[in-house]
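Q: Structure incoming, see below.
Numbering (our numbering), first residue to last: 297 to 795.
So this is what it looks like as structure tokens:
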């Protein structure tokens, strides 16, 4: 019987271990503990014919037991020999299955190796093209006046970064910048704070003047603590009035500024109302009228407060010869109260409209500069080389990923040396059956020989008893033989059996 490889894998020193039945026991699977080999019926060995000859010889040696020896031959052919043939067939099937799997794996390895060679050649070609394209892109980018990596998006960003800012364009055309970037954060905070405090203070004065004119408030109310609520309410109402008047003034000025814009050259230009100029002028006059009314009310209120103060001083005998100021003086004082705030709102609205128009004009010229640079041959060459380098890099990345995947598959396709779990179980069962039937045949032979030895000879003498060392020793309670395989020998204390 050939030494087929064991299902336990590699043996000592990396050499594939032979079958477990006539060398070391299988210590990892306790269900297989047979140490005697099955019948060796491999074609061409002659052991099968020798076993049949020995059984036939047993019929001649035991002429008194023909039926028993015939039954022994029957069990040999139907059980022991059949189980051994089944084991041999299964071993051949397993060898063929392993060979087939190895052939498939080897074929797949050859296919993967061929594909890997092709992919590596493609990667080398792509790297060569990329090495040639990178200097070309660098030269084209230098001629175009940009500096970036060979990527189309980065080239576009580099073009926008190279464009002049709107302040640089303003300096080029000799006009003021669109934004005042030199203002410090403190200046901006103070401007915001004063823009909030201005309507509050002006509104308080306006409320005091209006209350004095209609008789609701007086100068003495400022000196009494029980009228604080009325003063705060009047101050709130006055602040709202002044704030709304400032917003109306700003909106009117902004409308007039937009109405004064030049008409677009295109037929279908920006949408414009036909009465824009007239409406802007009307709103400005209306806001101016409101401002005059406010200044007049404040002037009259200041005059009334002054007269009350003079009357109080006369009663005290402190200002008997003091006369009131002329009316125009009180109007000037009223103008100084709310006039600066209204003028600030009007000037700010006009300046904001002009700054937005200037910024839009500068942005248009900046975009025009970018479009002109984009239309140049230098930039077109740079963007073309950038697209080529980007495609080559992407192709190289895809090739490297594919090579890594195939290399992992190639490394995983190792020669198959072990059977699968189902084949291992079938092979173990077949071996167990073959060795078991061999053992049962040995037991039957021993029983026949023991029975024959118990019979007396023709002259009435007792036959010599076979040594116990020739009988297989069994593991207690398992019915399995133990001890090393190989030829049995008689102990030296007993004579050898008679031939």
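All C-beta atoms in this analysis are idealised placements derived from N, C-alpha and C, irrespective of residue type, glycine included.
Under DSSP, the alpha helix (DSSP H) around residue 640 begins and ends at which residues?
A: Position 344 of the chain shown, counted from the first residue, corresponds to residue 640. Start and end: 623 to 670.
Q: Hey, out of 710, 723, 687, 743, whose CA is closest to residue 801's CA?
A: Past the boundaries of the shown model lies residue 801; the chain is included only from 297 to 795, so the question cannot be answered.
Q: Give me, in chain order, the residues of the same chain whose beta-carbon lies closer than 7 Å to that of residue 550; leave out the 5 immediate sequence neighbours on both sides.
A: Working through the chain shown from its first residue, we reach residue 550 at position 254. Hits under 7 Å: 645, 649.
Q: How many Å lie between residue 798 and residue 548 at the Cα?
A: Residue 798 lies beyond the stretch modelled for the chain, which goes from 297 to 795, so this question has no answer here.
Q: Given that a residue counts as buried once 16 or more other Cβ atoms are within 10 Å of its Cβ, and exposed if not, what is residue 373?
A: For this step, residue 373 is matched to residue 77 along the chain shown. Exposed, because fewer than 16 other Cβ atoms sit within 10 Å of the Cβ of residue 373.
Q: Cβ atoms of residue 390 and residue 723: under 9 Å apart, would you say?
A: Position 427 of the chain shown, counting from 1, holds the residue named residue 723. Position 94 of the chain shown, counting from 1, holds the residue named residue 390. Cβ distance < 9 Å, so residue 723 and residue 390 count as in contact.
Q: Starting from residue 480, trace the alpha helix (DSSP H) in both directions and tell me its first and last residue.
A: Position 184 of the chain shown, counting from 1, holds the residue named residue 480. First-last for residue 480: undefined, no H or E at that position.
Q: Whole angstroms are fine: how far does the CA of residue 418 sit from the CA of residue 694?
A: Position 398 of the chain shown, counted from the start, is the residue given in the question as residue 694. Position 122 of the chain shown, counted from the start, is the residue given in the question as residue 418. Each residue's Cα considered, the two are about 11 Å apart.
Q: Alpha carbon to alpha carbon, how far is residue 393 from residue 794? Give it in angstroms, no decimals.
A: The residue labelled residue 794 in the question sits at position 498 within the chain shown. The residue labelled residue 393 in the question sits at position 97 within the chain shown. Summary for residue 794: the model assigns pLDDT 36, below 50, so the residue's position carries little reliability; its value from the coordinates is reported in the next sentence. Roughly 49 Å separates the two Cα atoms.
Q: State buried or exposed for residue 396, treating a residue as buried only when at least 16 other CB atoms are found within 10 Å of its CB.
A: Taking the first residue of the chain shown as 1, we reach residue 396 at position 100. Counting Cβ neighbours within 10 Å, residue 396 comes out exposed, since fewer than 16 surround it.
Q: Let me know if residue 587 comes out buried or exposed under the rule of 16 or more other beta-carbons within 10 Å of its beta-carbon.
A: Here residue 587 corresponds to residue number 291 of the chain shown, with the count starting at 1. By the 10 Å Cβ count, residue 587 comes out buried.
Q: Considering only residues of the same chain and omitting the five flanking positions on each side of residue 539, which have a CB-CB separation below 6 Å?
A: Reading the chain shown from its first residue, position 243 is the one you call residue 539. 495, listed in sequence order.
Q: In the region 436 to 475, which residue ranges form an unbroken alpha helix (DSSP H) of at least 4 residues, counting only runs that do not cross its ends?
A: Runs of the alpha helix (DSSP H) inside the region 436 to 475: 448 to 458, 462 to 469.
Q: Would residue 386 and residue 726 qualify as a contact pair, given that the criterion is a beta-carbon distance under 9 Å?
A: If you number the chain shown from 1, residue 386 lands on position 90. If you number the chain shown from 1, residue 726 lands on position 430. Yes. Within cutoff.
Q: With distances taken Cα to Cα, identify the nearest neighbour of residue 473 among 737, 363, 654.
A: Stepping through the chain shown from its first residue, residue 473 is reached at position 177. The option with the nearest alpha carbon to residue 473 is 654.
Q: Assign residue 579 to buried or exposed, taking buried as 16 or more other Cβ atoms, counted over all protein chains shown, within 10 Å of its Cβ.
A: Working through the chain shown from its first residue, we reach residue 579 at position 283. Buried.
Q: Which residue's Cα is closest to the Cα of residue 624: 607, 596, 678, 608?
A: Residue 624 sits at position 328 when you count from the first residue of the chain shown. Of 607, 596, 678, 608, the residue nearest in Cα terms is 596.
Q: Pick from 508, 500, 731: whose alpha carbon is nearest that of residue 530?
A: Position 234 of the chain shown, counted from the start, is the residue given in the question as residue 530. Comparing Cα-Cα distances from residue 530 to each of 508, 500, 731, the minimum goes to 500.
Q: Residue 358 and residue 748: beta carbons closer than 9 Å?
A: As a first step, residue 358 is located in the chain shown; it is residue number 62 there, counting from the start. As a first step, residue 748 is located in the chain shown; it is residue number 452 there, counting from the start. A contact, by the Cβ cut-off of 9 Å.
Q: Under a three-way DSSP split, which group does residue 751 fall into?
A: In the chain shown, counting from the first residue as 1, residue 751 sits at position 455. Coil, per DSSP.
Q: Tell me the rounded alpha-carbon separation between residue 506 and residue 593.
A: Here residue 506 refers to the residue found at position 210 when the chain shown is read from its first residue. Here residue 593 refers to the residue found at position 297 when the chain shown is read from its first residue. When rounded, the distance between both Cα atoms is 7 Å.
Q: What would DSSP say about residue 319, mapped onto helix, strand or coil?
A: Within the chain shown, residue 319 is the residue found at index 23, counting from 1. In this prediction, residue 319 scores a pLDDT of 38, lower than 50, which makes its location untrustworthy; the coordinate-derived value is nonetheless stated afterwards. Coil.
Q: When the Cα atoms are used, what is the spatial distance from residue 669 to residue 428?
A: Numbered from 1 along the chain shown, position 373 holds the residue referred to as residue 669. Numbered from 1 along the chain shown, position 132 holds the residue referred to as residue 428. When rounded, the distance between both Cα atoms is 26 Å.
Q: For residue 735, count the other beta carbons within 10 Å of its own beta carbon; 16 or more makes it buried, fewer makes it exposed. Which is it?
A: In the chain shown, residue 735 corresponds to position 439, counting from 1. That one is buried.
Q: Could you spell out where the alpha helix (DSSP H) holding residue 711 opens and where it closes?
A: As a position in the chain shown, residue 711 is number 415, starting the count at 1. No alpha helix (DSSP H) holds residue 711; DSSP gives it neither H nor E.
Q: Distance, Cα to Cα, residue 430 vs residue 698?
A: By 1-based counting over the chain shown, the position of residue 430 is 134. By 1-based counting over the chain shown, the position of residue 698 is 402. Rounded to the nearest angstrom, the two C-alpha atoms are 24 Å apart.
Q: Please name the residue, chosen from 639, 665, 613, 689, that lies closest to residue 462 on a Cα-to-Cα basis.
A: Taking the first residue of the chain shown as 1, we reach residue 462 at position 166. The candidate whose alpha carbon is nearest that of residue 462 is 665.
Q: Please look up how many angstroms separate the CB atoms of residue 804 and residue 369, rounded, as I've assumed it's under 8 Å.
A: Residue 804 lies beyond the stretch modelled for the chain, which goes from 297 to 795, so this question has no answer here.
Q: From the DSSP output, in three-state form, read off residue 495 for me.
A: For the purposes of this step, residue 495 is taken as residue 199 along the chain shown, with counting starting at 1. Three-state DSSP puts residue 495 in a helix.
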